[in-house]
């Protein structure tokens, strides 16, 4: 359907963009969580995952999905104490913001 292609065009980003963005975020998860002053358990509950799963994401032992990435980026962007850091990491999906508003 024509509508499906418009949605894909607006919302899709390349696999490489996803991989690089996820890697950068994952490297900085512990620091972001500390700045937000939130425990692994609290953050895991917000994401709807177990603390063990979140711990694996933070340690790099588990692969982060794009959905989890987006949830974390939007969450850390909304928290005043982490907004500047998340913007400085350049992992906020600006491409999506630009596409959505075009």
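Residue numbers (UniProt numbering): 1 to 102.
A virtual CB, placed ideally from N, CA and C, is assigned to each residue, including glycine.
* Top-ranked residue by Cα proximity to residue 60, from 23, 48, 70 and 44 -> 23
* Looking only at C-alpha atoms, which of 47, 42 and 13 sits nearest to residue 74? -> 47
* Applying the criterion that 16 or more other CB atoms from any shown protein chain within 10 Å of the CB defines a buried residue, is residue 80 buried or exposed? -> exposed
* Length at least 4, wholly inside the stretch 20 to 60: the alpha helix (DSSP H) runs in chain order -> The stretch 20 to 60 contains these whole alpha helix (DSSP H) runs: 40 to 47 and 51 to 59.
* Asked: If we ignore side chains and look at the alpha-carbon of each, how far apart do residue 19 and residue 12 end up?
  -> 13 Å
* Give me the Cα-Cα distance between residue 16 and residue 67, rounded to the nearest whole angstrom. => 15 Å
* Asked: How is the alpha helix (DSSP H) around residue 70 delimited, first residue to last?
  -> 66 to 78
* **Whole-angstrom distance between residue 36 and residue 25, CA atom to CA atom** => Approximately 14 Å between the Cα atoms of the pair.
* **Under the three-state DSSP convention, the category residue 81 falls into** => helix
* To do: Please report the Cβ distance between residue 33 and residue 41, rounded to the nearest whole angstrom; I am assuming they are in contact, meaning their Cβ atoms lie under 8 Å.
  => Actually they are not in contact, since the Cβ atoms of residue 33 and residue 41 sit about 11 Å apart, beyond 8 Å.
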